[in-house]
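Let me begin by presenting the structure, written as structure tokens, before commenting on it.
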Amino acid sequence: MIWDNNFAVSVFPLLLEGLWVTIQITLLGTLLAAVLGLFFAVLRRLAIPVLSPVVSFFVVFVRGTPLLVQAYCAFFVLPAYGVSFDAFTTGVVVIGVNYSAYMAEVYRSGIQGVPKGQWEAATALSLPGVRTWGRIILPQAVRTVVPMLGNYLIQMFKDSAVLSAITVVELMATAQAIGSSNFRYLEPLTMAALLFLAISYPASRLVNRLERRYAPQH
Amino acid sequence: MRPSTEPQPLSADVALAPDPIIRFQNVSKNWGANQVLKSLNFEVAPGEKVSIIGPSGSGKTTILRILMTLETPTEGLVTVDGDTLWDVTAGQKVRETKQLRETRRKIGMVFQQFNLFPHMTAMENIIEAPIHVLGMGKAEAKERAADLLNLVGLGKHMNHTPPQMSGGQQQRVAIARALAMRPKVLLFDEPTSALDPELIGEVLNVIRNLAHTTDMTMLMVTHEMRFAEEISDRVVMFDNGAAVESGPPAQIFKDPQQERTRTFLRAVLQH
Chain A
118 MIWDNNFAVS VFPLLLEGLW VTIQITLLGT LLAAVLGLFF AVLRRLAIPV
168 LSPVVSFFVV FVRGTPLLVQ AYCAFFVLPA YGVSFDAFTT GVVVIGVNYS
218 AYMAEVYRSG IQGVPKGQWE AATALSLPGV RTWGRIILPQ AVRTVVPMLG
268 NYLIQMFKDS AVLSAITVVE LMATAQAIGS SNFRYLEPLT MAALLFLAIS
318 YPASRLVNRL ERRYAPQH
Chain B
126 MRPSTEPQPL SADVALAPDP IIRFQNVSKN WGANQVLKSL NFEVAPGEKV
176 SIIGPSGSGK TTILRILMTL ETPTEGLVTV DGDTLWDVTA GQKVRETKQL
226 RETRRKIGMV FQQFNLFPHM TAMENIIEAP IHVLGMGKAE AKERAADLLN
276 LVGLGKHMNH TPPQMSGGQQ QRVAIARALA MRPKVLLFDE PTSALDPELI
326 GEVLNVIRNL AHTTDMTMLM VTHEMRFAEE ISDRVVMFDN GAAVESGPPA
376 QIFKDPQQER TRTFLRAVLQ H
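So this is what it looks like as structure tokens:
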């Protein structure tokens, strides 16, 4: 099979549309994962009876099962119980919840990294718990994990290809569709790979710079 | 807060010793099999400046940490300014109560490692609690913080963050931060132990000024023997979880009554 430049040029706009969907999934999914993960991390740390162990179990469960299985369950099984969304929404929620479990661990390490003296100073000043978390602990904890969150964003960007399996028309699904309807896979799949790389490579360089900038202050 | 039901003295000329502002009654603290405090009885009078000396591991820092509610006593009663801070019977599970939170506000603490909030400026460090705990307006809090920074000689550093300051400067900001809560009792936990030798003087100067100009009760754990001698009304020697000897600095340093105090002072003053 020889590279057909005309064919490649003709399908490129379609792939860009797919890439745009991939980017949307990644940004929304990361936002969901970052917020939910933080919520889980704080809940686990607060050691609330029943609730914290449930969260811990949920995190272990999500981390211990494949993303693909979770996506299938959400898209093909849950509708049988009346929970049904379009593929895009389901995809964003599945990948966001999946990554939230990993991000919860990242936040946990960030929270543990805040020196004990910071908690003690907050106690000595009688700062209320919400204020201590919101103004003292989390700003320091999140700061140190920003580069790791960036790495997860890049990983999610690539992992989102899995969602093609539940009919989300992102970059991978677009490339596949072009390939199967034209019986030519070389051009669309190569270009899809290069498009992934064109985003993820500069992004990882950026994360490297963040790592230097957000080095711990202690 | 519990209303005070104790009768007030009828006239000032009746010579009554004032009620202690800090009272430890049979307070013990165990770490596993290790008994850090052994049924301690200890009192501090209002306005008194007390230094606690003694070898490491003698339980002196634990006293401060129990007062600041950073540690829970295993057993015993601790009152501050007439209010119960801790009332623990052995084996009881202790929870943080409203009473404890209210009483805690009367106490401030200066830590060995400063524990400033590194992501906030000196000013922000100081105004955080007055605004969000005392409910002070931002303008007033800032004005008072500026006064306090001037008091500790750092009026020009209000917009600096801790990483931009020396250890001595950080500790002075930490003292200003504690003062901003207007505590009745201020605790100092080895406030100069983490400092480079040339920075110790500036911090001691600030503490010395406070000791001479305020009627705040001050309780200090320190290894600076000459400083303790100079500013304290009373010095307490601790060893092995108990107060070995207590008295005016002249007595403790010049004429200690206990052999344990003598050997300790000989060891620390010899270098």
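For the protein sequence lines, the chains are A and B, in the order given. Heads up, the first sequence is in this note's numbering, so the first residue is 118 and it goes up one at a time. Heads up, the second sequence is in this note's numbering, so the first residue is 126 and it goes up one at a time. We put the beta carbon where it would ideally sit given N, CA and C, even for glycine. None of the values given here were measured: they were computed from a predicted structure.
Less than 8 Å between the beta carbons of B:I232 and B:V331, yes or no? As a position in the second sequence, residue 232 of chain B is number 107, starting the count at 1. As a position in the second sequence, residue 331 of chain B is number 206, starting the count at 1. Taking C-beta atoms as the reference points, B:I232 and B:V331 fail to come closer than 8 Å.
Taking the alpha-carbon of A:Q141 as reference, which of A:A294, A:L280, A:M308, A:R301 has the nearest alpha-carbon? The sequence position of residue 141 of chain A within the first sequence is 24, counting from 1. Measuring C-alpha to C-alpha distances from A:Q141 to each of A:A294, A:L280, A:M308, A:R301 identifies A:L280 as the nearest.
Would you please state the rounded distance, in angstroms, between the beta carbons of B:M245 and B:M283? I believe it to be under 8 Å. For the purposes of this step, residue 245 of chain B is taken as the residue at position 120 of the second sequence. For the purposes of this step, residue 283 of chain B is taken as the residue at position 158 of the second sequence. In fact, because the Cβ distance is near 11 Å, the residues do not count as touching under 8 Å.
Of the listed residues A:V324, A:E328, A:A292, A:K233, nearest to A:F313 (C-alpha basis): To locate residue 313 of chain A, count along the first sequence from 1; it is residue 196. Closest by alpha carbon: A:A292.
Alpha-carbon spacing of A:Q187 relative to A:V211, whole angstroms: As a first step, residue 187 of chain A must be located in the first sequence, where it is residue number 70. As a first step, residue 211 of chain A must be located in the first sequence, where it is residue number 94. Straight-line Cα distance between these residues: approximately 7 Å.
Quick one: list the residues of chain B neighbouring A:S169, beta-carbon separation under 8 Å, in chain order. Here residue 169 of chain A corresponds to residue number 52 of the first sequence, with the count starting at 1. Here the premise fails: no neighbours, minimum Cβ distance about 17 Å.
So what does B:R359 bridge to, in DSSP terms? Locating residue 359 of chain B in the second sequence gives position 234, counting from the first residue. DSSP, once it has assigned bridges, lists B:V175 as partnering B:R359.
Could you spell out the range, first to last residue, of the beta strand (DSSP E) harbouring B:F313? In the second sequence, the residue the question calls residue 313 of chain B occupies position 188. From DSSP, the beta strand (DSSP E) with B:F313 extends over 310-314.
N- and C-terminal bounds of the beta strand (DSSP E) containing B:T84: The structure shown does not extend to residue 84 of chain B, since chain B is modelled only from 126 through 396, so no value can be given for it.
Is there at least one Cβ from chain A nearer than 8 Å to B:H348's Cβ? Within the second sequence, residue 348 of chain B is the residue found at index 223, counting from 1. False, the Cβ-Cβ gap to chain A never drops below 8 Å.
8 Å Cβ cutoff, A:Y331 in contact with chain B: Residue mapping note: residue 331 of chain A aligns to position 214 of the first sequence, counting from 1. Not one chain B Cβ lies under 8 Å of A:Y331.
Short check: CB of B:V298 to CB of B:L279, under 8 Å? Here residue 298 of chain B refers to the residue found at position 173 when the second sequence is read from its first residue. Here residue 279 of chain B refers to the residue found at position 154 when the second sequence is read from its first residue. Less than 8 Å separates the beta-carbon of B:V298 from that of B:L279.
Short Cβ contact (8 Å threshold) for B:Q383 with B:V360: Translated into the one-based positions of the second sequence, residue 383 of chain B becomes position 258. Translated into the one-based positions of the second sequence, residue 360 of chain B becomes position 235. For B:Q383 and B:V360, no; Cβs fall outside 8 Å.
Which ranges would you report for the beta strand (DSSP E) in the stretch 261-294 of chain B if only whole runs of at least 3 residues count? Listed in chain order, there is nothing to give.
Would you kindly check if the distance between the Cβ of B:L320 and the Cβ of B:A301 is under 8 Å? On the second sequence, residue 301 of chain B is found 176 positions in, with the first residue counted as 1. On the second sequence, residue 320 of chain B is found 195 positions in, with the first residue counted as 1. Contact annotation: B:A301 and B:L320 have beta-carbon atoms that are not nearer than 8 Å.
Measuring alpha carbon to alpha carbon, tell me which residue in A:L270, A:E287, A:I271 is nearest A:A278. If you number the first sequence from 1, residue 278 of chain A lands on position 161. Measuring from the Cα of A:A278, the nearest candidate turns out to be A:E287.
Who are the neighbours of A:P183 on chain B, taking C-beta pairs under 7 Å? For this step, residue 183 of chain A is matched to residue 66 along the first sequence. Here the premise fails: no neighbours, minimum Cβ distance about 39 Å.
Once the 5 residues before and after B:T186 are set aside, which same chain residues still bring their CB inside 8 Å of it? The residue given as residue 186 of chain B occupies position 61 in the second sequence. Excluding sequence neighbours, B:T186 sits near D314, E315, V346.
Give the residues from the stretch 238-250 of chain A that approach chain B closer than 8 Å (Cβ to any Cβ), ordered along the chain. Those residues of the stretch 238-250 of chain A that come within reach of chain B (Cβ to Cβ, closer than 8 Å) are A238, T240, A241, L242, S243, L244, P245, R248.
Excluding sequence positions up to five away, which residues of its chain have a Cβ less than 6 Å from the Cβ of B:T286? Locating residue 286 of chain B in the second sequence gives position 161, counting from the first residue. Excluding residues within five positions, the ones whose Cβ falls inside 6 Å are T246.
Measuring CB to CB, does B:E196 end up less than 8 Å from B:K154? In the second sequence, counting from the first residue as 1, residue 196 of chain B sits at position 71. In the second sequence, counting from the first residue as 1, residue 154 of chain B sits at position 29. Yes, they are a contact pair.
Who are the Cβ neighbours of B:S129 in its own chain at under 7 Å, not counting the five residues just before and after it? Position 4 of the second sequence, counted from the first residue, corresponds to residue 129 of chain B. The predicted model places B:S129 with a pLDDT of 48, which falls under 50 and marks its position as unreliable; any figure quoted below should be read in that light. Here the set comprises G207.
Rounded separation between B:V161 and B:D212 - CA only: Against the second sequence, residue 161 of chain B aligns to sequence position 36. Against the second sequence, residue 212 of chain B aligns to sequence position 87. Here the C-alpha atom of B:V161 lies approximately 18 Å from the C-alpha atom of B:D212.
Own chain residues within Cβ distance below 7 Å of A:W137, not counting five before or after: Locating residue 137 of chain A in the first sequence gives position 20, counting from the first residue. Excluding positions up to five away in sequence, the list is empty.
Output, in chain order, the set of chain A residues within a Cβ distance shorter than 9 Å of B:F242. As a first step, residue 242 of chain B must be located in the second sequence, where it is residue number 117. Neighbours of B:F242 on chain A, chain order: Q235, A238, A239, R252, I253, P256, Q257.
Could you tell me how far apart the beta carbons of B:V203 and B:L192 are, in whole angstroms, since I believe they sit closer than 8 Å? The residue labelled residue 203 of chain B in the question sits at position 78 within the second sequence. The residue labelled residue 192 of chain B in the question sits at position 67 within the second sequence. Correct: roughly 7 Å between the Cβ atoms.
Taking A:Y224 and A:A258 to be in contact with their CB atoms under 8 Å, please state how far apart those CB atoms are, rounded to whole angstroms. Taking the first residue of the first sequence as 1, we reach residue 224 of chain A at position 107. Taking the first residue of the first sequence as 1, we reach residue 258 of chain A at position 141. That belief holds up - the Cβ atoms of A:Y224 and A:A258 are roughly 6 Å apart, short of 8 Å.
Could you check if B:V346 belongs to the surroundings of the ligand GDP, using beta carbon to heavy atom distance under 7 Å? The ligand GDP is absent from the structure shown, which contains no ligands of any kind.
According to the neighbour-count rule (16 or more other Cβ atoms, all chains shown, within 10 Å of its Cβ), is A:P196 buried or exposed? Stepping through the first sequence from its first residue, residue 196 of chain A is reached at position 79. A:P196 comes out exposed.
Beta strand (DSSP E) segment containing B:T246, residue limits: Residue 246 of chain B sits at position 121 when you count from the first residue of the second sequence. Looking at the DSSP string, B:T246 is not in any beta strand (DSSP E), and its letter there is neither H nor E.
So that I know if they touch, is there some Cβ in chain A lying closer than 8 Å to that of B:L225? The residue you call residue 225 of chain B lines up with position 100 of the second sequence. The beta-carbon of B:L225 is placed no less than 8 Å from the nearest beta-carbon of chain A.
Closer than 9 Å, Cβ to Cβ, to anything on chain A: give me those residues from the stretch 195-211 of chain B, in chain order. Residues passing the 9 Å Cβ filter: L195.
Give the DSSP bridge partners of B:N159, in chain order. As a position in the second sequence, residue 159 of chain B is number 34, starting the count at 1. Residue pairing by DSSP places B:N159 opposite B:W156 in a beta bridge.
Beta-carbon proximity list for B:S136, same chain, < 6 Å, skipping 5 on both sides: Taking the first residue of the second sequence as 1, we reach residue 136 of chain B at position 11. Bear in mind that the predicted position of B:S136 carries a pLDDT of just 46, short of 50, making it unreliable; the figure below should be weighed with that in mind. Cβ neighbours of B:S136 beyond the five flanking positions: none.
Verify the CB distance criterion: does B:H257 have a CB-CB separation below 8 Å to chain A? Counting from 1 along the second sequence, the entry for residue 257 of chain B is found at position 132. Closer than 8 Å to some Cβ of chain A, the Cβ of B:H257 qualifies, so yes.
Inter-residue Cα distance where the pair is B:I256 and B:K263: What you label residue 256 of chain B is simply residue 131 of the second sequence in a count that begins at 1. What you label residue 263 of chain B is simply residue 138 of the second sequence in a count that begins at 1. C-alpha separation (whole angstroms): 6 Å.
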